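**Student:** Structure below; questions to follow.
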Amino acid sequence: MEVQPEDVRINPETRVSNLVNLSSLLFELSNPLRLEILFLTAEEKQKHGTISEKLKISLQETTRHLTRLQDAELIEKDVQSFFTLTNYGKVILSSLHNFGFLVKNREDLMNLNLDIPKKFLERIADLRNFEKTHGTMENLRERTLLFTGAEKYIWIMSPEILTDAIPIISKKHEEGLDFRIILPKNVRYPHGFEFKPGEHMKVIDEIKIAMTITEKSAGLCFPTCGKDIDFSISFNSQDEEFREWCKDLFLHYWENARPVNVPVGKKVNDS
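Count along the sequence shown starting at 1, add 52, and that's the number in the numbering used here.
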């Protein structure tokens with residue numbers, strides 16, 4: 053007789069207990085002074101009196117907040133009476149970066165369609181160090197400058213061929229840069245567009261985000277809630293975490309994309 057797999061669903065009582073614990077944690081984190089204490093102790097260990105001075109609150113109030121954070125096991129006091137984050141507190145604080153990013157960029161997020169894999173949404177705070185630029189023409193100009201400064205690679209995911217950038221990209225590709233581009237399967241190629249040697253061009257069914265990435269910088273354009281990518285708003289950064297997030301997302305789509313089946317050296321529009 054076949055052995056039935058064990059039911060691994062969470063017991064209802066356990067689920068309720070987990071929710072109660074989560075609610076208690078969120079309550080402790082809901083106080084801005086307690087949050088500030090966590091951030092202070094994350095920078096360096098703190099004395100009771102120093103915290104009181106930095107937050108400009110009484111010693112009595114400082115004691116109350118420190119006690120609550122200790123009871124929640126987020127901080128601890130060493131033998132020299134310095135307060136530091138516990139390992140649990142460090143993990144919780146690192147998770148708060150996502151919330152900070154979401155709150156700070158709430159208006160943009162309300163208007164954009166973030167239809168990307170869940171594992172990248174969970175890392176969304178990696179994008180926190182960015183500069184937002186407005187205007188389609190300005191953003192296209194920034195892309196051209198991005199390509200011009202590239203020395204190692206140029207990776208692009210776009211719903212259309214960036215016609216104005218073709219001469220620069222072709223020159224960089226001839227110089228030996230790693231050039232890759234992901235396009236939608238129904239993309240309209242410019243007249244006479246020539247397929248270059250190498251597996252540098254792939255297609256997917258639908259482009260849900262536009263990206264340009266080099267070893268120096270990266271830029272993102274998201275779809276609006278109406279699903280069309282909004283090129284008038286671009287998120288750009290030279291920050292390493294920002295670029296790594298973009299690279300990982302690009303590679304995710306690249307691995308699932310299909311090569312373009314056009315003979316080497318043949319123009320796409322040739323009959």
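Even for Gly, the Cβ is constructed at its ideal location relative to N, Cα and C.
Remember, it's a predicted structure, so these values are computed and weren't measured experimentally.
If we call anything under 7 Å between Cβ atoms a contact, is Pro311 one with Lys254?
**Tutor:** Along the sequence shown, one-based indexing puts residue 311 at 259. Along the sequence shown, one-based indexing puts residue 254 at 202. Taking 7 Å as the Cβ cut-off, Pro311 and Lys254 qualify as a contacting pair.
**Student:** Could you tell me which residues DSSP pairs with Gly271 in its beta bridges?
**Tutor:** Counting from 1 along the sequence shown, the entry for residue 271 is found at position 219. Thr264 and Asn288.
**Student:** Can you name the residues that DSSP bridges to Phe199?
**Tutor:** By 1-based counting over the sequence shown, the position of residue 199 is 147. Per DSSP, none; premise fails for Phe199.
**Student:** Note down the Cα distance separating Glu183 from Asp216, rounded to an integer number of angstroms.
**Tutor:** Against the sequence shown, residue 183 aligns to sequence position 131. Against the sequence shown, residue 216 aligns to sequence position 164. Cα-Cα distance, rounded: 23 Å.
**Student:** Expressed to the nearest angstrom, what Euclidean distance is found between the alpha-carbon atoms of Ala124 and Thr136?
**Tutor:** Mapped onto the sequence shown, residue 124 falls at position 72. Mapped onto the sequence shown, residue 136 falls at position 84. Cα to Cα, Ala124 sits roughly 13 Å from Thr136.
**Student:** Whole angstroms are fine: how far does the CA of Phe134 sit from the CA of Asp257?
**Tutor:** Within the sequence shown, the letter at position 205 stands for residue 257. Within the sequence shown, the letter at position 82 stands for residue 134. Taking the straight line from one Cα to the other gives about 57 Å.
**Student:** Rounded to the nearest angstrom, what separates Glu54 and Gly141 at their Cα positions?
**Tutor:** Counted from its first residue, the sequence shown places residue 54 at position 2. Counted from its first residue, the sequence shown places residue 141 at position 89. Summary for Glu54: the model assigns pLDDT 48, below 50, so the residue's position carries little reliability, and this model does not support an answer.
**Student:** Reducing DSSP to helix, strand and coil, say where Ile103 ends up.
**Tutor:** Working through the sequence shown from its first residue, we reach residue 103 at position 51. Reduced to three states, the DSSP call for Ile103 is helix.
**Student:** Anyone know if the C-beta pair for Lys204 and Glu267 falls short of 7 Å?
**Tutor:** For this step, residue 204 is matched to residue 152 along the sequence shown. For this step, residue 267 is matched to residue 215 along the sequence shown. In this structure, Glu267 lies closer than 7 Å to Lys204 by Cβ.
**Student:** Should the stretch 224-240 be regarded as contacting the stretch 280-293, the criterion being three or more beta carbon pairs within less than 8 Å?
**Tutor:** They do not touch, by the three-pair rule.
**Student:** Less than 6 Å between C-beta atoms, sequence neighbours within five positions excluded: which residues of the same chain meet that for Glu293?
**Tutor:** On the sequence shown, residue 293 is found 241 positions in, with the first residue counted as 1. Once the five neighbours on either side are set aside, the close Cβ partners of Glu293 are Asp178.
**Student:** Among Leu126, Thr185, Thr66 and Leu107, whose alpha-carbon lies nearest the alpha-carbon of Thr138?
**Tutor:** Start at 1 with the first residue of the sequence shown, and residue 138 comes out as number 86. The shortest Cα separation from Thr138 among Leu126, Thr185, Thr66 and Leu107 belongs to Leu126.
**Student:** Considering Cα atoms alone, identify which of Leu90, Thr115 and Ile109 is closest to Ser146.
**Tutor:** Residue mapping note: residue 146 aligns to position 94 of the sequence shown, counting from 1. Per the Cα distances, Leu90.
**Student:** Tell me which same chain residues have a C-beta within less than 7 Å of the C-beta of Leu166, skipping the five on either side of it?
**Tutor:** Locating residue 166 in the sequence shown gives position 114, where the first residue counts as 1. For Leu166, where only same-chain residues beyond five positions count, the Cβ hits under 7 Å are Leu173 and Phe274.
**Student:** Whole angstroms is fine: what's the gap from Asp130's alpha carbon to Ile103's?
**Tutor:** Stepping through the sequence shown from its first residue, residue 130 is reached at position 78. Stepping through the sequence shown from its first residue, residue 103 is reached at position 51. Roughly 15 Å separates the two Cα atoms.
**Student:** Does DSSP put Ile127 in a helix, a strand or coil?
**Tutor:** The sequence position of residue 127 within the sequence shown is 75, counting from 1. In this structure, Ile127 counts as strand in the three-state DSSP scheme.
**Student:** Is Gly108 helix, strand or coil by DSSP?
**Tutor:** As a first step, residue 108 must be located in the sequence shown, where it is residue number 56. The question names Gly, but residue 108 in the sequence shown is Lys. Three-state result, Lys108: coil.
**Student:** Are the beta-carbon atoms of Ile206 and Leu229 separated by less than 7 Å?
**Tutor:** Working through the sequence shown from its first residue, we reach residue 206 at position 154. Working through the sequence shown from its first residue, we reach residue 229 at position 177. Yes, these two residues count as a Cβ contact at 7 Å.
**Student:** In whole angstroms, give me the CA-to-CA distance for Ile208 and Glu159.
**Tutor:** The count along the sequence shown starts at 1 and reaches residue 208 at position 156. The count along the sequence shown starts at 1 and reaches residue 159 at position 107. Approximately 27 Å, taken between the alpha carbons.
**Student:** I'd like the list of long-range same chain contacts for Asn150, defined as Cβ closer than 7 Å, with 5 residues on each side in sequence excluded.
**Tutor:** On the sequence shown, residue 150 is found 98 positions in, with the first residue counted as 1. Excluding sequence neighbours, Asn150 sits near Ile176 and Ala177.
**Student:** From what residue to what residue does the alpha helix (DSSP H) around Lys254 run?
**Tutor:** Within the sequence shown, the letter at position 202 stands for residue 254. No alpha helix (DSSP H) contains Lys254, which is instead part of the beta strand (DSSP E) from Met253 to Ile256.
**Student:** Going by C-alpha distance, which of Ile218, His304, His225 and Glu80 is nearest Ile259?
**Tutor:** Stepping through the sequence shown from its first residue, residue 259 is reached at position 207. Selected option, being the one with the closest Cα: His304.
**Student:** Pick helix, strand or coil for His243, following the three-state DSSP scheme.
**Tutor:** The residue you call residue 243 lines up with position 191 of the sequence shown. Three-state result, His243: coil.
**Student:** Am I right that Phe153 and Arg180 are in contact with their C-beta atoms under 8 Å? What's the rounded C-beta distance?
**Tutor:** If you number the sequence shown from 1, residue 153 lands on position 101. If you number the sequence shown from 1, residue 180 lands on position 128. Indeed, because the Cβ distance is near 5 Å, the residues count as touching under 8 Å.
**Student:** Provide the residue(s) that pair with Phe231 in DSSP beta bridges, ordered along the chain.
**Tutor:** Mapped onto the sequence shown, residue 231 falls at position 179. Note: Phe231 sits in a beta bridge opposite Ile206.
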